[in-house]
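Enquirer: To start, I am sharing the structure in question, which I have written as structure tokens.
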Amino acid sequence: MNKKRLAVFAALVAFVNISIFAQFITVKKDDKGWRLLDDRKEIEVKGIVWSYTPIGETHTYDLWSKSDEYIERMIDTDMPMLKAMGVNAIRCFSDIPPKWVEYIYTKYGIYTIVNNLLGRYGVTVNGTWYANTDYSDQYTRETLIAMAEETAEKYRAVNGVLMYMFGNESNYGLVWSGSEIENLPVGEQNTVKAGYLYSLLEEAMAACKDIDPFHPVGIVNGDTQYLELIKELCPSLDILGVNAYRGFRFYDSFYENVAEVLDKPLMFTEAGADAYNEITHQEDQYAQMAYLMSQWKEIYQQGYGKGRSQNVIGGFVFEWIDEWWKHYQNKELDLHNDTGTWSNSGYELDYRDGLNNMDEEWFGICAQSKLTDRGINKRIPRAAYYLLQDIWKLSLYKSTEADIDRTFASLDTAMYLANGNEKSIKEMINENKIVQIDTLDATVQVTTPVYVNRVLGALKKKEGLKDSFEYQNELGETNKTRVSAETNLGLTIAPLENLTGSVVVKAWTDAPRTNLGEEYPSYYKSVEGNSNAEPELKYVDFYSASVNYSGSLFDLNGYYHVGHASFENTGDIFNISKEAFDIIGYDTYGSKAPIAIELVGKGLLEGLSVIGGPEIWGSAKPQIQANYFKWLPTASVYLPDFTIGLVYAEEFGAKSEVNFDPYGAFGAGRKASIYAEAVLDPWVTLKVGGLHAGNEKVDAVYTKANGKLAKVKMIDTLGGYAQLGTNMFQHMYIYGNAIYRGLVAETNPAAVRGSFFTADSGAGNRFEVQAGVDASYGDFVFKPVVRARVPLQGPKDRSLLQGSPFIVGLGNRQAIEVEAVLTYDPEGATWFHEWNGDDIEGAKFAFSLTGMYTLYAGKTDNIPYKSNTPVEKETPTGIKVTDKVWFDQGTALPEQKNLWQVGTRIVTNPIPNLRVIVTADGGYLGATTGAYIAAKTPEYIYFANAGLAARYNHWIGSTNWSINAWGPEGWWRNFNMTFPLQFTFDLAYGFGDQPSFLDATNRIGLKVNGRKFGKYSDDPYGALPKGGVKNGSTFVEVTTYLNIGL
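Note that full-length UniProt numbering has the sequence shown beginning at 1, numbered continuously upward.
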């Protein structure tokens, strides 16, 4: 009786468990081999790694944060095509919400593999992010096992889950360092690391099984490496997943090895081929189809009941669609890059020694089109799609050898290729790839000036308002409503697969007029010999152009008013080079920079870059620059691997007239630097660099701080840099920097990044020390830094305009700075401080807070500033030129103490399709030249700025308010001229979903800009009426605008 009751109780428990858990998936072995079963139903895995990142997005793209309507649209675009192809499973990562797993299964009958990467690309442990996961660390192991348990809890009752897989080629990521590991012989280190990895994977699988015993568990291994360790350390393994890229075949030994060592079912979690030929430089659908046909014939031959290894249960083709972000990951996201990134001799159809023949952006069995259907990029099936559609009609488990031979012999590859090429050719025609229109837009704007004081007076007196909107200003111009229209046409021509050229032409009816700033000189013809002459509109402008050639040894890029990067990330620690992305900034003073040609080495020339031209960034001298950057591994356990960076720059051109360009008065020069970086042991990093710059100033006479005269020597052109850092303390990297710059060893200022207020000035004549910490805990990052510097030669009333080769200025005066940035960003896929962070930040709530204190303990020399008045001068070569000149008389700054500034930026995504951005900053700062004395303005000011931007579906708006702040142009701070109030308001309706914060395309809107004038304000652009009183006046510009374009 007791046994009978126990049996009934056990049956009830089993029934309850099965009802709680959605499905009962098992693997089973009999004398014919291994099969996968859903209860009693056989599952032959015919799967796809489902990729869905749209063109223009990168790996940070989060489909699941979109609206349900959009997610359904994406799924309902892909799943019917996958189902028609014969797909019965997709491989996804553990961020897919359970409700969409069920949606896909219920509507389309397609299972989902839930894949937890388990620290493959980094992990946060006890509040600290580690890019290289240390599987030997106990805290890391506890964190990862908790992640596995969380995954099992999340999906255990979800219909459509096929199995759990952990890792993703994690055996290829055994790169962490530790004293225990580093003390081993090099040949043994990875084996020991692998032991920690697989024991961790076993604990994760066991924990998952404890929570959900009704789904199989497995790992995603890189090929069949470490099978013996897997057998020894992973008894909970149900299925071995393998990512294998071997070309046409895996060969019998591949399957036999798994069968003999593990005796577990095998499933390909990734296998496939790219659809691009690096030899012919064109799409190659035939090659992709041929590889897949050979791979799947072998999978069938090794499957259940075939008499061979009989252990393969199917596989996942990599991948569904091409992903256009994979080459650069954060740039050229709208370009289908065709540069190979790694080499594999197994893919022999386009393999050559030294050639990277694997193209990461071309693995899709469908291409993506730039054309969209309901907001989703159109999928263009390749020949491989039609091939697999026919192959997968054949049963993997029930077919015989004869069936396999007959099926594969009857595959109509010519028809598949014809279908694929037909779709591709049609899309090439649709996208117009030979001559492609990149940009075609038109903007119309109507701007009305409003003198608010007159409006208020007229309303009070009940008089007419016309004089408030049309009146004479102090410049003798008439302020009135103005209409301007502008159009841009951008074309890309690709006459060859490896040669493209782009051009943008602009045309306009009038320059966008404003009385709150300078009009862009780029809208006007240049006036020879007399800058006082009335400028004449150009109406049409050859605005920008670029050319790109891709060869086997190098790429060649040409730039004309198109941005390019610097050598900042390739060893240019002294900023000899400079990025050139500030195109709008160049437009403000009529420059067509950058104008340059760049060579980027490949193959044997890998690491070499050369760029040169008449103006490779705005205001640069004509020059050529070369950079070589390389990582040098060492086989010795006593010598560390190290990285070197070399930079050389040779300038050309004559000396400039000192009053027109005081920074070019000594003519062309030469700069060179060397940089090296090495990890001395697991916890200590050393970075060192040497610099030579300013040789053109050797023998120039200067005044020393003691009043004596001296000449610049070669030693004064030298500079040095050293950083010693350690991460031996948990959660932080602590570093100290020492910077030495000879009297004339000056270069460009570094770009300011990461929400800091300042960066290295690039100035010569200084010695500077810095101490900082990069600390992280959980989702918080805190970066404080202290800087202290002194000039090598103190101030002595020097003047660049009087021929001094250097001065003590803002970047090398005696000072102490304390600066810190605190960032909270729980969404690690996007960097909060990215230049386009307003558009891409995906966190529900994230913020940064920056603070800075400055004590200028020493005075400066005379700091020059550029006037707004053209003057005729004679250059050193005897040519008379009229241009705006520089002044510096009486512009030395005294000591300035207790300066401070704080700022914040907050980004929220509280509900789908709503983004809100808040910015604010304020402080107590001083003038940047002594010109404030002549201007009779205060030396110091308190100021505050605040901004709010929001986007919801089609609507986008922003507003900014500044109190007692400088004007937007940099020269206002030279004189410390301020406005009691400045404000902007912009509200627009975007014609497409989710309009960008970074541009104003495809929208209609209203914009209001205004400022209130005060005691320390000026009106150089003619906003106010002639004879009016500045102090207390308020001026507003109201602009309506419309932009339509591609």
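All C-beta atoms in this analysis are idealised placements derived from N, C-alpha and C, irrespective of residue type, glycine included.
Every value quoted in this text rests on a predicted model; they were computed, and no experiment measured them.
Taking 8 Å as the cut-off, does the region 652-663 touch the region 614-624 (at least 3 CB pairs, one atom from each stretch)?
Expert: Taking 8 Å as the limit for Cβ pairs, the verdict is that the region 652-663 does touch the region 614-624.
Enquirer: If we ignore side chains and look at the alpha-carbon of each, how far apart do Phe316 and Ser236 end up?
Expert: Position 316 of the sequence shown holds residue 316. Position 236 of the sequence shown holds residue 236. If you take the alpha carbons of Phe316 and Ser236, they lie about 22 Å apart.
Enquirer: Could you pull out every residue in the same chain whose Cβ sits closer than 8 Å to the Cβ of Ser867, ignoring the five residues on either side in sequence?
Expert: Start at 1 with the first residue of the sequence shown, and residue 867 comes out as number 867. Excluding positions up to five away in sequence, the list reads Lys884, Val885, Trp886 and Phe887.
Enquirer: Which residues bound the alpha helix (DSSP H) around Met289?
Expert: Counting from one through the sequence shown, the residue named residue 289 turns up at place 289. Unbroken alpha helix (DSSP H) run through Met289: Gln285 to Gln301.
Enquirer: With respect to the alpha helix (DSSP H) encompassing Ile583, which residues constitute its N-terminal and C-terminal limits?
Expert: Counting from 1 along the sequence shown, the entry for residue 583 is found at position 583. Residues Ile583 to Thr588.
Enquirer: Ile906 and Phe847 look like a contact to me (Cβ under 8 Å); what is the Cβ gap, rounded to whole Å?
Expert: As a first step, residue 906 must be located in the sequence shown, where it is residue number 906. As a first step, residue 847 must be located in the sequence shown, where it is residue number 847. Yes, Ile906 and Phe847 are in contact; Cβ-Cβ is about 4 Å, under 8 Å.
Enquirer: Do you know how far the Cα of Ser309 is from the Cα of Lys32?
Expert: As a first step, residue 32 is located in the sequence shown; it is residue number 32 there, counting from the start. As a first step, residue 309 is located in the sequence shown; it is residue number 309 there, counting from the start. Their backbone Cα atoms lie some 9 Å apart in a straight line.
Enquirer: Applying the 10 Å Cβ sphere with the 16-neighbour rule, what's the burial state of Asn627?
Expert: By 1-based counting over the sequence shown, the position of residue 627 is 627. It counts as buried.
Enquirer: If you draw a straight line from the alpha carbon of Asn473 to that of Gly990, how long is it in whole angstroms?
Expert: On the sequence shown, position 473 is the one that residue 473 refers to. On the sequence shown, position 990 is the one that residue 990 refers to. The straight-line gap from Cα to Cα measures roughly 36 Å.
Enquirer: By the 10 Å Cβ neighbour count, where 16 or more other Cβ atoms means buried, how is Gly490 classified, buried or exposed?
Expert: Counted from its first residue, the sequence shown places residue 490 at position 490. Burial call: buried.
Enquirer: Residues in the same chain with beta-carbon distance under 6 Å from Gly346, minus the five sequence neighbours each way, listed in chain order, please.
Expert: What you label residue 346 is simply residue 346 of the sequence shown in a count that begins at 1. So the qualifying residues of the chain are Arg246 and Gly247.
Enquirer: What are the boundary residues of the alpha helix (DSSP H) that includes Ser253?
Expert: In the sequence shown, residue 253 corresponds to position 253, counting from 1. Start and end: Asp252 to Val261.
Enquirer: Is Ala383 near Met293, with beta carbons less than 7 Å apart?
Expert: As a working note, residue 383 is residue 383 in the sequence shown. As a working note, residue 293 is residue 293 in the sequence shown. No, they are not a contact pair.
Enquirer: Using a 10 Å radius around the Cβ and a threshold of 16 neighbouring Cβ atoms, would you call Leu646 buried or exposed?
Expert: One-based indexing of the sequence shown puts residue 646 at position 646. Per the 10 Å Cβ criterion, buried.
Enquirer: Could you give the first and the last residue of the continuous alpha helix (DSSP H) run that contains Val101?
Expert: Here residue 101 is taken as the residue at index 101 of the sequence shown, counted from 1. Segment Pro98 to Tyr108, the alpha helix (DSSP H) holding Val101.
Enquirer: Measure the CB-CB distance between Arg788 and Phe782 and report whether it falls below 7 Å.
Expert: The count along the sequence shown starts at 1 and reaches residue 788 at position 788. The count along the sequence shown starts at 1 and reaches residue 782 at position 782. Checking the sequence shown, residue 788 turns out to be Ala, not Arg. No. Outside cutoff.
Enquirer: Taking a contact to mean a Cβ-Cβ separation below 7 Å, would you say Ala580 touches His564 in this structure?
Expert: Walking along the sequence shown from the start, residue 580 turns up at place 580. Walking along the sequence shown from the start, residue 564 turns up at place 564. Going by C-beta atoms, Ala580 is nearer than 7 Å to His564.
Enquirer: Count the other C-beta atoms from every protein chain shown that fall within 10 angstroms of the C-beta of Asn183, then say buried if there are 16 or more, exposed otherwise.
Expert: Translated into the one-based positions of the sequence shown, residue 183 becomes position 183. Reliability fails at Asn183, whose pLDDT of 47 lies under 50, so the model's placement of it is uncertain and the value that follows must be treated cautiously. Answer is exposed; the Cβ neighbour count stays below 16.
Enquirer: When you compare the region 196-214 with the region 99-107, are there three or more beta-carbon pairs, one atom per stretch, that lie closer than 8 Å?
Expert: The region 196-214 vs the region 99-107: no contact.
Enquirer: Can you check which of these residues, Gly772, Leu37 and Pro633, is closest to Thr726 by C-alpha distance?
Expert: By 1-based counting over the sequence shown, the position of residue 726 is 726. It is Gly772 whose Cα lies nearest to the Cα of Thr726.
Enquirer: Run the CB neighbour count on Tyr226, radius 10 Å, all protein chains shown included, and call it buried at 16 or more, exposed below.
Expert: Working through the sequence shown from its first residue, we reach residue 226 at position 226. Tyr226 should be labelled buried.
Enquirer: What residues in its chain sit with their C-beta under 8 Å from that of Ser343, if we drop five residues either side in the sequence?
Expert: Within the sequence shown, residue 343 is the residue found at index 343, counting from 1. Closer than 8 Å at the Cβ level, and outside the excluded window around Ser343, lie Tyr351, Gly354, Leu355, Asn356, Asn357 and Met358.
Enquirer: When the distance is taken between beta carbons, is Lys460 closer than 7 Å to Ile55?
Expert: Locating residue 55 in the sequence shown gives position 55, counting from the first residue. Locating residue 460 in the sequence shown gives position 460, counting from the first residue. Not in contact: Ile55 and Lys460 (Cβ atoms no closer than 7 Å).
Enquirer: Per DSSP, what are the beta-bridge partners of Met732 in this structure?
Expert: Indexing the sequence shown from 1 puts residue 732 at position 732. Answer is Ala775, bridged to Met732.
Enquirer: What are the partner residues of Cys366, as DSSP defines its beta bridges?
Expert: Residue 366 sits at position 366 when you count from the first residue of the sequence shown. Its beta-bridge partners are Ile321 and Pro381.
Enquirer: Return the residue from the list Leu691, Glu72, Gly119 and Val123 that minimises the CA-CA distance to Tyr108.
Expert: Within the sequence shown, the letter at position 108 stands for residue 108. Taking only the C-alpha atoms, the option nearest Tyr108 is Glu72.
Enquirer: Suppose the cutoff is 7 Å on Cβ atoms and the five residues either side in sequence are ignored; what does the same chain contact list for Asn421 look like?
Expert: The residue labelled residue 421 in the question sits at position 421 within the sequence shown. Gln285.
Enquirer: How many whole angstroms separate the CB atoms of Ser546 and Ser502, which I take to be in contact at a CB cut-off of 8 Å?
Expert: Translated into positions along the sequence shown, residue 546 becomes position 546. Translated into positions along the sequence shown, residue 502 becomes position 502. Correct: roughly 5 Å between the Cβ atoms.
Enquirer: If contacts are defined as beta-carbon pairs under 8 Å, then Ile611 and Ala596 qualify, I think. What distance do you get, rounded to the angstrom?
Expert: By 1-based counting over the sequence shown, the position of residue 611 is 611. By 1-based counting over the sequence shown, the position of residue 596 is 596. With a Cβ gap of about 5 Å, Ile611 and Ala596 count as contacting.
Enquirer: If you scan the region 65-147 from start to end, which runs of the beta strand (DSSP E) of 3 or more residues do you find wholly inside it?
Expert: Taking only runs of at least 3 residues, the beta strand (DSSP E) segments lying wholly in the region 65-147 are 89-93, 111-116, 123-125 and 128-130.
Enquirer: Please check the pair Gly1010 and Leu987, which I expect to be a contact at CB under 8 Å, by giving their CB distance rounded to whole angstroms.
Expert: Residue numbering aside, residue 1010 sits at position 1010 when the sequence shown is read from its first letter. Residue numbering aside, residue 987 sits at position 987 when the sequence shown is read from its first letter. Actually they do not touch by this definition, with Cβ atoms about 15 Å apart.
Enquirer: Going by the DSSP bridge assignment, what does Ala626 pair with across the sheet?
Expert: Counting from 1 along the sequence shown, the entry for residue 626 is found at position 626. Ala626 is bridged to Val610 and Tyr648.
Enquirer: Could you tell me the distance, in whole angstroms, from the CA atom of Tyr155 to the CA atom of Tyr172?
Expert: One-based indexing of the sequence shown puts residue 155 at position 155. One-based indexing of the sequence shown puts residue 172 at position 172. Cα-Cα distance, rounded: 28 Å.
Enquirer: With three or more beta-carbon pairs closer than 8 Å as the criterion, would you say the region 662-679 touches the region 799-810?
Expert: Result yes; three or more Cβ-Cβ pairs closer than 8 Å.
Enquirer: Tell whether a beta-carbon distance below 7 Å holds between Thr854 and Val821.
Expert: Here residue 854 is taken as the residue at index 854 of the sequence shown, counted from 1. Here residue 821 is taken as the residue at index 821 of the sequence shown, counted from 1. It is not a contact, given that the beta carbons lie outside the stated cut-off.
Enquirer: Can you tell me which of the three DSSP states Trp972 falls into?
Expert: As a first step, residue 972 is located in the sequence shown; it is residue number 972 there, counting from the start. Note: Trp972 maps to helix in three-state DSSP.
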